[in-house]
Each structure stands twice: as C-alpha cells, then as structure tokens.
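Structural data, given as structure tokens:
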C-alpha cells in the first residue's frame, strides 16, 4: 500500500504542475494577437453533384442567401457556370468560357444552373449581403467541339503517359471550336488542333485511347503531377499551355469574368493536370487586374502531405489547397472500431500549413458514388465538422450535401449531423474565437477549448468520443467561475458548473461529440435568440427547397423549443 501511494504522489504533482501552467498561460490572453483578431470566416460549397438540371440553381441560391448569412457563411463556392457541351452537365465538360448562359449554344441558352441574368442577380445579392462568391474555373480542357480536324499524334500508355507506344500517325480529333452561337462577342479566339496537346478519341478509327499530339514544340507539360508518369492529360481536348495564344486567351478570360461578376475568389479545377507555371501567372494576373486579395484554391487532389507541400512550394504559396490527407484520415478513423483519435491531425496539411489549408468533410468529388469517393461513417460527421469548424486552424468549407442532403444518384442521403450542422456553423461565428488549448490525451476521447477574445469573450469547450462514455477536465478560464455551461444541440441533458479556478469536468456519451458554449443566467436569452435567428429562416428555406431536400419533421427544425430548456451537443450513433 505504501509503495502504491508513493508512486502516485509524483504523478499527482506533475498533474498539478500542468494545471498551473495552463492557468498561467491563460492569464496573458489579452496580450496575444488573437485577442483582437478579425471574426472567423466560413466557406460553403453551394452545390452537390446531383443537383437537379432545372436551370434554377442561381435563383435557388439567391433565395437562401439571407439564411446562409445568418448561419455564419461568409463565402460561397458556386459551380462552373460557363457553357458546357451538355445542357444538363455540371459545367466540368466546359465548351465556351465566355458564355455564362447568354448565348444559344449546345442546345440551350441557359446553363444547367440558369441564365447569365440570374447569375448577375445572384452575385449582386451576395455582394449586398457581404457574401463573397468563388467561381469554379475549368481551364484544363475543352469539350463538345464543333468539328473535327486531322493531325499527327502518338498513342501513349494509359498507365504511363510519358511512354509512347506508337509512331506518329494521322488521327481525326474533335478539336475545332468556333463558338458559332457567340461569334466574336467578348473574344474572337477560335480553337484548332494546335491549341491542344492531347485527346482521347480518334474519330476516323472510332478508337478510344490517349493520344499526344505531335509536332514542333508539342509535348506534355513538365510541371504537372507525376502520377501515371505525367498527368497532364485528364479528359476531352487537353489545352496546351505552352501555346502563347492559349495563355493569352485564358489570362484575358480571367480578367473578363472578374469584370462581369463581383467575384472575390476562384477555384482552379484539375490543378494537378495543369502547368504550375501558368497557374502562377494566372493568379498573379487576377490579383493585379481584379483585387490584390483575390482568393484562389487550387484543386490539387493528393492524399500525400509531401506532394501537397511540394505543390505549395512550386506555387510559391500563392494558393490554398484542399486538405485531402485530413479527409482520408476522417474516413479511416470513422470506419475503424475505437480508432485512436489523438493523432487525428498528425501529418495533415492543416497541421503543417494551416494558413493554406481548406478543411472539409465532403465535396462533390468525394460524395457517395463519385470516383474520388471518401466514405465517412454518419456517426462521425459531427466529430469531423466540430474539428474543422471550431478549431483555430485552416479555412473550413461546409458541403451542400451535408447541409441539405444529396438528392439523386444511387446514394441519396439526408442532412448530416442530425440536421444540426447549421447550429455548428453559427456556433463557429459566436464562440470559436481566441487562443486554443488541446486535450488530445486519451485514445478515444479528445477535447479542446477556445478561450474567446475581445469581440467574442464567451469561448467554448468541445469534447468528443468514438467509443464509450467518457469525461475530461478542461480549463475555460477563471473569469467563467461559477457559470453553468450547456450544450446547444439538445442531444444530452444537464450542465457543467465551472469551478472557482475556471475548470470544468465535461462528460460525453458514447460515439458522440459534446460542445458546450457559454450560457450564463445573465446572457442566456441573448445567446439563444442569436441561435434561434437562423432557425426560423432555415425553416422558410426548407419550404422553398421542398422539391429538392428530403422532408424533415417540422419539430426537428423548430429551434424555438430551446427557449425553455438547456441543451447538450451529443450525437448517439444512428443505425
């Protein structure tokens, strides 16, 4: 017994010393840059892959902008709005960059998303609300050519595109673009075979293969991803960025679209297939001609941190990247029984380069049924969203399919997080400010605290578990002594009393996440009203979208019930 007691004493002393260090660290919060930091910002991907082809999405988005603003969305990433080869396509089959739903081409005047006039109304309304708009730019290829041309090409190995497997031969490819519906309006540039360096179809032989166009100065770009030996070619007619006319036309387009629409950012689709040198020039041109702070995301999809960091270096840190490593980590942990949560952020982009990381849980590329599908168990979605929305690193992006559900395809889904995701996004705006203290010290239960700052002094504590019930002692600050902290999602009853030194013992249920922002007697009504303010508008929004979103019981959307009771954020595993 004596030896057991003596062995416990050093451990207790170390624990008390750690507690004292945490308390001392928190006494200097008002001296840190985060004390006067600007408010959090939040990006939303405002579409999913199976949106209805009703040419009404620009109107749909315009209608819900006030609701998005109320739940904390500051910027929306909208789908490719240039004319594609198919009126029902999502725009990644781009035909004419200068047609935003204005000209009668490819069987329709409007794009799948709507007309140019509706797009202008959407972006103007967003600007008036202070919501930025990020354009999804598809600059890697062109599709739906008006006619074929004959030219020399060599066939390459589909698994090693840097290896030629035939001699140069004449093929017939769809590479002639005259844009007859638009003519020379906005741009007189017409595209011919020499503006491309690859195709995947020989019309004369009715053969599908990857062909590299042959001729003087014709080659794959050498500053692209090295998958398949060289990953310049992706699909359709691949643009050749070594061609001066192509480069000039695309730079002109970037400036043009920024004068047509009040954009504040852009996503560069298929970035790992495009010349990095051109991307640098393109970003510089946007920031020179449009605005110095123009926000650019390069979609460089690699689940390897070394590759992501290498691309950032190549781009001289001009852009932001999606943290594909983190999403892959979410998937593996969610599908592994009682996986270790302590290293959930280890080796991720948001840990290494937080100022350049776009964190997300799902996108149109990774949703169920897509080629890049990354499955994440439904019970884990609240944990993943709590991490990206409430922590102090990275730029989080919320997905339409998680906020509203996924409509079509073989894998339709309802709203994630039990429909409570809007409350999480609002909580990010109200509470997730100031310095952060992590408590990643248990295999299946981790937590963190945000201390708050001058503008948002409430702060928050977040605890999550992927196994059995647990609890964690966390320090929220001595100024909060005596307060009752409760959770805002009503998934667990009860409250946590903050002790005289500023510590609280926060419990969590099995397979759940608990998020107790400060709610005190003095400001409880005010805080609840702020949360409720987005709830009513979300109900109205659902009525507008009733033909798209799954029916949701009215009581699940009625946040007014929070007036009379405390509520906890704890999601039990469903199914």
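In the working numbering, the protein residues as written are 240 to 814.
Cβ coordinates follow ideal geometry from the N, Cα and C atoms, glycine included.
Every value quoted in this text rests on a predicted model; they were computed, and no experiment measured them.
Taking residue 720 and residue 741 to be in contact with their CB atoms under 8 Å, please state how far apart those CB atoms are, rounded to whole angstroms.
6 Å
Taking the alpha-carbon positions, what's the residue 611 to residue 638 distance?
15 Å
Contact check, residue 435 vs residue 479, beta carbons under 8 Å
Going by C-beta atoms, residue 435 is nearer than 8 Å to residue 479.
Assumed close pair residue 285, residue 300 - CB separation to whole angstroms, cut-off 8 Å:
With a Cβ gap of about 6 Å, residue 285 and residue 300 count as contacting.
Cutoff 7 Å; reference residue 649; Cβ partners in own chain excluding five residues on either side:
608
Residues in the same chain with beta-carbon distance under 7 Å from residue 271, minus the five sequence neighbours each way, listed in chain order, please.
674
Return the residue from the list 636, 354 and 267 that minimises the CA-CA distance to residue 280.
636
Between which two residues does the beta strand (DSSP E) holding residue 452 run?
Counting along the chain, the beta strand (DSSP E) containing residue 452 begins and ends at 446–452.
Selection from 482, 406 and 364 that minimises the alpha carbon distance to residue 430
482
Can you confirm whether the segment 374–393 touches the segment 507–515 when touching is taken to mean that 3 or more C-beta pairs between the two stretches lie within less than 8 Å?
yes
Neighbourhood of residue 584 by C-beta distance below 6 Å, restricted to the same chain and skipping five residues each side
The beta carbon of residue 584 sits closer than 6 Å to those of 590, all from its chain and outside the five residues before and after it, given in chain order.
Boundaries (first-last residue) of the alpha helix (DSSP H) holding residue 302:
Per DSSP, residue 302 belongs to the alpha helix (DSSP H) from 296–309.
Would you check if the distance between the CB atom of residue 746 and the CB atom of residue 708 is smaller than 8 Å?
yes
Environment of residue 251 [buried if 16+ CB atoms lie within 10 Å]
exposed
For residue 669 and residue 256, the rounded distance between their alpha carbons:
32 Å
Given residue 586, which residues of its chain have a CB within under 6 Å of its CB, disregarding the five upstream and five downstream residues?
544
Local conformation of residue 221 per DSSP, three classes
The chain is shown only over 240 to 814; residue 221 falls outside these bounds and no answer can be derived.
Measure the C-alpha to C-alpha separation of residue 663 and residue 626 and round it to an integer number of angstroms.
Residue 626 has its alpha-carbon roughly 11 Å from the corresponding atom of residue 663.
Mapping the DSSP letters down to three states, classify residue 570 as helix, strand or coil.
helix
Any idea what DSSP makes of residue 786, helix, strand or coil?
Caution is warranted here: a pLDDT of 34 is assigned to residue 786, below 50, making its placement in the model unreliable, and the coordinate value is therefore given only provisionally. Under the three-state reduction of DSSP, residue 786 is assigned to coil, being neither helix nor strand.
Return the residue from the list 737, 666 and 564 that minimises the CA-CA distance to residue 613.
Proximity to residue 613 across 737, 666 and 564 peaks at 564, based on C-alpha coordinates.
Can the beta-carbon of residue 665 be found closer than 8 Å to that of residue 310?
yes
What residue range does the beta strand (DSSP E) around residue 556 cover?
From DSSP, residue 556 is part of no beta strand (DSSP E); its letter is neither H nor E.
Residues near residue 533 in its chain [Cβ-Cβ closer than 6 Å; skip 5 each side]
525 and 526, listed in sequence order.
If you draw a straight line from the alpha carbon of residue 763 to that of residue 494, how long is it in whole angstroms?
For residue 763, the pLDDT reaches just 34, beneath the cut-off of 50, and the residue's location in the model is therefore unreliable, although a value from the coordinates is still provided. Distance from the CA of residue 763 to the CA of residue 494, rounded to the nearest whole angstrom, comes to 49 Å.
Taking 8 Å as the threshold, find out whether the segment 351–363 comes into contact with the segment 316–323 through three or more Cβ pairs.
yes
Out of 683, 582, 642 and 501, state which residue places its alpha-carbon closest to the alpha-carbon of residue 366.
501
Is the Cβ-Cβ distance between residue 344 and residue 420 less than 8 Å?
Contact: yes.
Quick check on residue 477: does DSSP put it in helix, strand or coil?
strand
What's the call for residue 402, buried or exposed, on a 16-neighbour Cβ count within 10 Å?
exposed
Within the continuous beta strand (DSSP E) that includes residue 387, where are the two ends?
Run containing residue 387: 386–394, per the beta strand (DSSP E) assignment.
Can you give the Cα-Cα distance for residue 622 and residue 641, rounded to whole angstroms?
So the two alpha carbons sit approximately 13 Å from each other.
Taking the C-alpha atoms as reference points, what is the distance between residue 408 and residue 391?
5 Å
Cβ shell of residue 259 (< 8 Å), same chain only, five flanking positions each side left out:
none
Can you grab the Cα-Cα spacing for the pair residue 647 / residue 388, in whole Å?
38 Å
Work out the CA separation of residue 644 and residue 784 for me, nearest whole Å.
In this prediction, residue 784 scores a pLDDT of 38, lower than 50, which makes its location untrustworthy; no coordinate-derived value is stated.
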